[in-house]
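Enquirer: These protein sequence lines are chains R and W, in that order. Taking the working numbering, the leading residue of the first sequence gets 1, the next gets one more, and so forth. Taking the working numbering, the leading residue of the second sequence gets 273, the next gets one more, and so forth. Glycine included, C-beta positions come from ideal geometry on N, C-alpha and C. A quick note: this is a predicted structure, and the numbers were derived from the prediction, not measured. Can you keep this structure in mind? I'll have questions shortly.
Protein chains: 2
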Amino acid sequence: MGNPMYRQIAEDLREQVESGKLRPGQQLRTELELRERYSASRNTIRDAIKWLTSLGLVETRPGQGTFVAKKIDPFVTTLTDDPKKARGEQEVMYGEVDKYLSEGAGRPRTPSSPPPQLELQNASGEVSVQLRLPEGAPVISRHQKRYIDETPWSLQTSFYPRGFVAQGADRLFEADNIEEGTVRYLADKLGLRQVGYRDLITVRTPEAAEALFFNLPQDGRVGVFEIFRTAFDQTGTPMRLTVTVFPTDRNQFIVKVGEVPELSSDEGSATS
Amino acid sequence: MGNPMYRQIAEDLREQVESGKLRPGQQLRTELELRERYSASRNTIRDAIKWLTSLGLVETRPGQGTFVAKKIDPFVTTLTDDPKKARGEQEVMYGEVDKYLSEGAGRPRTPSSPPPQLELQNASGEVSVQLRLPEGAPVISRHQKRYIDETPWSLQTSFYPRGFVAQGADRLFEADNIEEGTVRYLADKLGLRQVGYRDLITVRTPEAAEALFFNLPQDGRVGVFEIFRTAFDQTGTPMRLTVTVFPTDRNQFIVKVGEVPELSSDEGSATS
DNA sequence: GGGTATTTGTCCGTATGTATT
DNA sequence: AAATACATACGGACAAATACC
Numbered sequence: 001m002g003n004p005m006y007r008q009i010a011e012d013l014r015e016q017v018e019s020g021k022l023r024p025g026q027q028l029r030t031e032l033e034l035r036e037r038y039s040a041s042r043n044t045i046r047d048a049i050k051w052l053t054s055l056g057l058v059e060t061r062p063g064q065g066t067f068v069a070k071k072i073d074p075f076v077t078t079l080t081d082d083p084k085k086a087r088g089e090q091e092v093m094y095g096e097v098d099k100y101l102s103e104g105a106g107r108p109r110t111p112s113s114p115p116p117q118l119e120l121q122n123a124s125g126e127v128s129v130q131l132r133l134p135e136g137a138p139v140i141s142r143h144q145k146r147y148i149d150e151t152p153w154s155l156q157t158s159f160y161p162r163g164f165v166a167q168g169a170d171r172l173f174e175a176d177n178i179e180e181g182t183v184r185y186l187a188d189k190l191g192l193r194q195v196g197y198r199d200l201i202t203v204r205t206p207e208a209a210e211a212l213f214f215n216l217p218q219d220g221r222v223g224v225f226e227i228f229r230t231a232f233d234q235t236g237t238p239m240r241l242t243v244t245v246f247p248t249d250r251n252q253f254i255v256k257v258g259e260v261p262e263l264s265s266d267e268g269s270a271t272s
Numbered sequence: 273m274g275n276p277m278y279r280q281i282a283e284d285l286r287e288q289v290e291s292g293k294l295r296p297g298q299q300l301r302t303e304l305e306l307r308e309r310y311s312a313s314r315n316t317i318r319d320a321i322k323w324l325t326s327l328g329l330v331e332t333r334p335g336q337g338t339f340v341a342k343k344i345d346p347f348v349t350t351l352t353d354d355p356k357k358a359r360g361e362q363e364v365m366y367g368e369v370d371k372y373l374s375e376g377a378g379r380p381r382t383p384s385s386p387p388p389q390l391e392l393q394n395a396s397g398e399v400s401v402q403l404r405l406p407e408g409a410p411v412i413s414r415h416q417k418r419y420i421d422e423t424p425w426s427l428q429t430s431f432y433p434r435g436f437v438a439q440g441a442d443r444l445f446e447a448d449n450i451e452e453g454t455v456r457y458l459a460d461k462l463g464l465r466q467v468g469y470r471d472l473i474t475v476r477t478p479e480a481a482e483a484l485f486f487n488l489p490q491d492g493r494v495g496v497f498e499i500f501r502t503a504f505d506q507t508g509t510p511m512r513l514t515v516t517v518f519p520t521d522r523n524q525f526i527v528k529v530g531e532v533p534e535l536s537s538d539e540g541s542a543t544s
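Structure, rendered in structure tokens:
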């Protein structure tokens with residue numbers, strides 16, 4: 001094989017990982033030991049390890065060593081649920097995080113979210129397109145960090161036309177969680193009934209701030225889901241755009257269409 | 273700032289890319305030129321470029337140079353459509369690829385797929401769980417490469433209980449596309465009506481063979497969607513598991529819930 | 001086809017910095 | 001404070017891929 005040496009070394013280590021000879025969490029031999037082992041230079045060993053790192057098989061910790069990556073037990077979120085019951089900016093919402101684990105019995109998971117950070121912005125790009133507003137039109141932006149069991153889960157920003165405030169929905173621009181949900185609130189105040197929504201699911205590399213919040217590596221090797229949810233009222237007009245960002249390494253999504261039986265405890269998440 | 277030099281260089285180049293000073297597709301200065309420019313060693317320049325590469329901002333081509341990465345115009349696939357109309361193993365199917373582009377007028381996109389590759393396998397892992405078969409139970413596997421406009425689009429494998437063949441659905445184990453769709457075929461032959469399905473959407477790093485097929489870099493920096501679609505018959509029994517793999521760098525998905533107006537030509541895909 | 005220049009890829013050895021125990 | 005382990009940075013040599021004449 002005409003493969004470079006660092007790839008051959010990586011391949012050898014990889015087999016040890018995937019055969020289970022090296023268990024998740026276990027420490028690999030140090031770079032200097034591997035240098036002896038494979039009669040290569042330390043830099044070549046490091047290239048091999050970098051390769052495995054970018055494949056997500058190992059991770060390095062300065063001062064400690066190199067370790068076999070542990071699988072993360074994923075959060076599973078259902079995207080299809082009755083749009084009239086959804087709560088609005090938590091529309092990829094708490095109740096929709098399925099409360100089981102992929103392996104064994106599920107301990108309950110408790111999501112939480114501090115009050116949103118509000119801004120008055122000018123619609124641009126995706127926001128103006130989805131809300132069908134002219135470029136530069138004023139919009140209310142409500143941004144929230146969301147956690148599950150104290151671990152960072154998602155970053156969410158909802159956009160509403162500023163006109164909603166003048167029409168009477170003044171709590172939209174107050175920095176509190178709207179407990180009954182914005183969908184209910186807007187229905188009560190403005191008579192806007194959310195009759196449906198459309199999600200657009202994309203993946204991209206995280207921004208620096210996102211990597212920081214989610215504790216992701218600063219290089220882009222772990223991506224993030226970016227889900228654009230556009231919600232519509234009874235006239236077919238977009239009433240809200242919610243953009244939510246989730247790390248791909250610990251999130252999965254479920255979509256149900258037609259008649260689907262309840263999940264049994266095993267069927268939830270894929271680990272293959 | 274205590275930032276390492278290669279990161280500072282990367283940051284400098286990054287600004288040139290993101291400000292548009294360096295346009296997509298354009299060639300960067302060579303490593304030797306950048307070495308002069310930043311008074312660093314060539315290896316340090318290479319570290320900076322590796323960093324940008326893993327962020328997806330540039331790509332290197334041996335013998336040619338380093339180039340600003342071009343955005344790929346994404347394929348957009350709708351996951352929610354009438355389960356009774358879906359065709360089965362092409363259930364993330366041709367007709368569901370929205371025929372527009374993110375920018376400007378859409379030329380039509382023509383998907384194609386060679387005949388499936390058949391195998392008789394023993395259910396294991398996700399297959400046995402989702403189909404609710406005992407581990408090791410025989411299943412028919414139908415594997416297909418799928419293209420759009422000659423570019424690799426997805427790899428799809430559908431699993432059916434082997435019993436379906438004995439019960440009369442013998443074409444399930446023949447290496448032909450079932451033109452009318454497997455859903456229709458199974459309904460006609462076995463009276464199995466597909467009344468719904470559940471999709472589980474995950475992201476992982478591609479296997480070597482997948483990276484090869486999709487022309488992805490061999491390291492894992494571009495992930496793949498892996499979508500498990502479990503389809504149910506009128507009794508609530510799983511009748512099919514279809515696993516489809518799509519590169520994350522050129523695919524987006526749409527989920528519609530409730531009443532959702534038709535897409536206008538701009539609203540399709542996100543490029544932000 | 002062949003040869004040459006250009007450009008990135010691989011590999012080495014060494015030195016020093018930084019994080020952790 | 002010392003030892004250990006990974007991170008950064010340098011410089012050099014040759015290989016491999018590509019483009020061009």
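#1: So W:Val-515 and W:Phe-500 are in contact, right, with Cβ under 8 Å, and what is the actual spacing, rounded?
#2: Go ahead and label R:Thr-237 buried or exposed: buried means 16 or more other beta carbons lie within 10 angstroms of its beta carbon, across all protein chains shown.
#3: According to DSSP, W:Thr-454 sits in a beta bridge with which residue or residues?
#4: Just the chain R side, please: which residues come within less than 7 Å of W:Gly-328 by C-beta, in chain order?
#5: Comparing the C-beta of W:Gly-530 with each C-beta of chain R, is any distance below 7 Å?
#6: Under 7 Å, Cβ to Cβ, is there at least one residue of chain W near R:Pro-4?
#7: Chain R beta carbons: is any one of them nearer than 7 Å to that of W:Val-455?
#8: CB W:Pro-388 to CB W:Gln-416, shorter than 7 Å?
#9: How many angstroms separate the CA atom of R:Pro-152 from the CA atom of R:Leu-216?
#10: What residue range does the beta strand (DSSP E) around W:Lys-322 cover?
#11: Grouping DSSP H, G and I as helix and E and B as strand, with all else coil, what is W:Ile-420?
#12: Between which two residues does the beta strand (DSSP E) harbouring W:Arg-470 extend?
#13: What's the call for R:Leu-192, buried or exposed, on a 16-neighbour Cβ count within 10 Å?
#14: Report yes or no: do three or more beta-carbon pairs, one from the region 433-442 of chain W and one from the region 454-461 of chain W, lie closer than 8 Å?
#15: Please report the residue range of the beta strand (DSSP E) in which R:Gln-121 lies.
#16: Strictly below 8 Å CB to CB, what residues from chain W border R:Trp-51?
#17: Comparing alpha-carbon positions, which option in W:Leu-390, W:Thr-454, W:Tyr-419, W:Ile-412 lies nearest W:Ser-384?
#18: Contact check, W:Thr-502 vs W:Tyr-469 under 8 Å by CB: the rounded distance?
#19: How many angstroms separate the CA atom of W:Gln-299 from the CA atom of W:Glu-305?
#20: Run the CB neighbour count on W:Gly-453, radius 10 Å, all protein chains shown included, and call it buried at 16 or more, exposed below.
#21: Going by beta carbon distance, what residues of the same chain come within less than 6 Å of W:Leu-472, once the five residues before and after it are set aside?
#22: Locate the alpha helix (DSSP H) running through W:Leu-403, then write down its first and last residues.
#23: With 16 as the cutoff for other CB atoms within 10 Å, does R:Leu-13 come out buried or exposed?
#24: Note down, in chain order, each residue of its chain lying with its Cβ closer than 8 Å to the Cβ of R:Ala-175, except the 5 sequence neighbours on either side.
#25: If contacts are defined as beta-carbon pairs under 8 Å, then W:Ala-320 and W:Ile-281 qualify, I think. What distance do you get, rounded to the angstrom?
#26: Anyone know if the C-beta pair for W:Thr-352 and W:Lys-528 falls short of 7 Å?
#27: Can you pull the chain R neighbours of W:Thr-423, defined as C-beta to C-beta under 7 Å?
#28: Quick check on the burial criterion: 16 or more other C-beta atoms within 10 angstroms. Buried or exposed for W:Ala-480?
#29: Just mark W:Arg-333 as buried or exposed, buried being the case when its beta carbon has 16 or more other beta carbons within 10 Å.
#30: For a contact meaning CB atoms closer than 7 Å, what does R:Leu-241 contact in chain W?
#31: Any idea if W:Arg-295 is buried or exposed, counting beta-carbon neighbours within 10 angstroms, 16 or more meaning buried?
#32: On a Cα-Cα basis, can you pick out the residue from R:Val-203, R:Trp-51, R:Met-239 that is closest to W:Asn-523?
#33: Applying the criterion that 16 or more other CB atoms from any shown protein chain within 10 Å of the CB defines a buried residue, is W:Glu-363 buried or exposed?
#34: Taking only beta-carbon atoms, is W:Leu-427 less than 7 Å away from chain R?
#35: Which residues does DSSP list as the beta-bridge partners of R:Asn-251?
#36: Return the first residue and the last residue of the alpha helix (DSSP H) that W:Val-494 is part of.
Expert: Straight from the coordinates:
#1: Translated into positions along the second sequence, residue 515 of chain W becomes position 243. Translated into positions along the second sequence, residue 500 of chain W becomes position 228. That belief holds up - the Cβ atoms of W:Val-515 and W:Phe-500 are roughly 6 Å apart, short of 8 Å.
#2: Counting from 1 along the first sequence, the entry for residue 237 of chain R is found at position 237. It counts as exposed.
#3: Numbered from 1 along the second sequence, position 182 holds the residue referred to as residue 454 of chain W. Its beta-bridge partners do not exist; DSSP assigns none.
#4: Residue mapping note: residue 328 of chain W aligns to position 56 of the second sequence, counting from 1. Within chain R, the residues near W:Gly-328 are Thr-205, Gly-220.
#5: On the second sequence, position 258 is the one that residue 530 of chain W refers to. For W:Gly-530, the answer is yes, since a Cβ of chain R falls inside 7 Å of its Cβ.
#6: Taking the first sequence and counting its residues from 1, the one referred to as residue 4 of chain R is at position 4. Taking Cβ atoms only, chain W never reaches closer than 7 Å to R:Pro-4, which makes this a no.
#7: Taking the second sequence and counting its residues from 1, the one referred to as residue 455 of chain W is at position 183. By this cut-off, W:Val-455 is not an interface position.
#8: Start at 1 with the first residue of the second sequence, and residue 388 of chain W comes out as number 116. Start at 1 with the first residue of the second sequence, and residue 416 of chain W comes out as number 144. It is a contact, given that the beta carbons lie within the stated cut-off.
#9: Translated into positions along the first sequence, residue 152 of chain R becomes position 152. Translated into positions along the first sequence, residue 216 of chain R becomes position 216. If I take the Cα positions, the gap works out to 11 Å.
#10: On the second sequence, position 50 is the one that residue 322 of chain W refers to. Where W:Lys-322 is concerned, there is no enclosing beta strand (DSSP E), although the alpha helix (DSSP H) it sits in stretches over 314-326.
#11: As a position in the second sequence, residue 420 of chain W is number 148, starting the count at 1. Of the three classes helix, strand and coil, the one that applies to W:Ile-420 here is strand, per DSSP.
#12: Looking up residue 470 of chain W in the second sequence gives position 198. Element bounds for W:Arg-470: 466-476.
#13: Mapped onto the first sequence, residue 192 of chain R falls at position 192. Flag for R:Leu-192 reads buried.
#14: yes
#15: Start at 1 with the first residue of the first sequence, and residue 121 of chain R comes out as number 121. Residues 117-122.
#16: Position 51 of the first sequence, counting from 1, holds the residue named residue 51 of chain R. Within 8 Å Cβ-Cβ: Asp-491.
#17: Counting from one through the second sequence, the residue named residue 384 of chain W turns up at place 112. The shortest Cα separation from W:Ser-384 among W:Leu-390, W:Thr-454, W:Tyr-419, W:Ile-412 belongs to W:Tyr-419.
#18: Counting from 1 along the second sequence, the entry for residue 502 of chain W is found at position 230. Counting from 1 along the second sequence, the entry for residue 469 of chain W is found at position 197. Yes, they are in contact, since the Cβ atoms of W:Thr-502 and W:Tyr-469 sit about 6 Å apart, within 8 Å.
#19: One-based indexing of the second sequence puts residue 299 of chain W at position 27. One-based indexing of the second sequence puts residue 305 of chain W at position 33. C-alpha separation (whole angstroms): 12 Å.
#20: Within the second sequence, numbered from 1, the residue matching residue 453 of chain W stands at position 181. Buried is the call here.
#21: Along the second sequence, one-based indexing puts residue 472 of chain W at 200. Hits under 6 Å: Phe-500.
#22: Along the second sequence, one-based indexing puts residue 403 of chain W at 131. It spans 398-403 - the alpha helix (DSSP H) in which W:Leu-403 sits, taken as one unbroken run.
#23: Along the first sequence, read from residue 1 onward, the residue named residue 13 of chain R stands at position 13. Buried, by the Cβ-count rule.
#24: Start at 1 with the first residue of the first sequence, and residue 175 of chain R comes out as number 175. Result list for R:Ala-175: Pro-115, Pro-116, Gln-117, Leu-118, in chain order.
#25: The residue given as residue 320 of chain W occupies position 48 in the second sequence. The residue given as residue 281 of chain W occupies position 9 in the second sequence. Contact holds; Cβ gap of about 4 Å.
#26: The residue labelled residue 352 of chain W in the question sits at position 80 within the second sequence. The residue labelled residue 528 of chain W in the question sits at position 256 within the second sequence. In contact: W:Thr-352 and W:Lys-528 (Cβ atoms closer than 7 Å).
#27: Locating residue 423 of chain W in the second sequence gives position 151, counting from the first residue. The contacting residues do not exist; W:Thr-423 stays about 18 Å from chain R at best.
#28: As a position in the second sequence, residue 480 of chain W is number 208, starting the count at 1. Exposed.
#29: Taking the first residue of the second sequence as 1, we reach residue 333 of chain W at position 61. By the 10 Å Cβ count, W:Arg-333 comes out exposed.
#30: In the first sequence, residue 241 of chain R corresponds to position 241, counting from 1. None at all; the shortest Cβ gap to chain W is about 11 Å.
#31: By one-based count along the second sequence, residue 295 of chain W stands at place 23. It counts as exposed.
#32: Here the question's residue 523 of chain W lines up with position 251 in the second sequence. Checked all of R:Val-203, R:Trp-51, R:Met-239; the closest Cα to W:Asn-523 is R:Val-203.
#33: As a first step, residue 363 of chain W must be located in the second sequence, where it is residue number 91. Here W:Glu-363 scores only 46 on pLDDT, less than 50, and its place in the model should not be relied on; the value that follows carries that caveat. Buried, because 16 or more other Cβ atoms sit within 10 Å of the Cβ of W:Glu-363.
#34: Translated into the one-based positions of the second sequence, residue 427 of chain W becomes position 155. So no, W:Leu-427 is outside the interface.
#35: On the first sequence, position 251 is the one that residue 251 of chain R refers to. Answer is R:Phe-75, bridged to R:Asn-251.
#36: Start at 1 with the first residue of the second sequence, and residue 494 of chain W comes out as number 222. Neither: W:Val-494 is in no alpha helix (DSSP H) and is coded neither H nor E.
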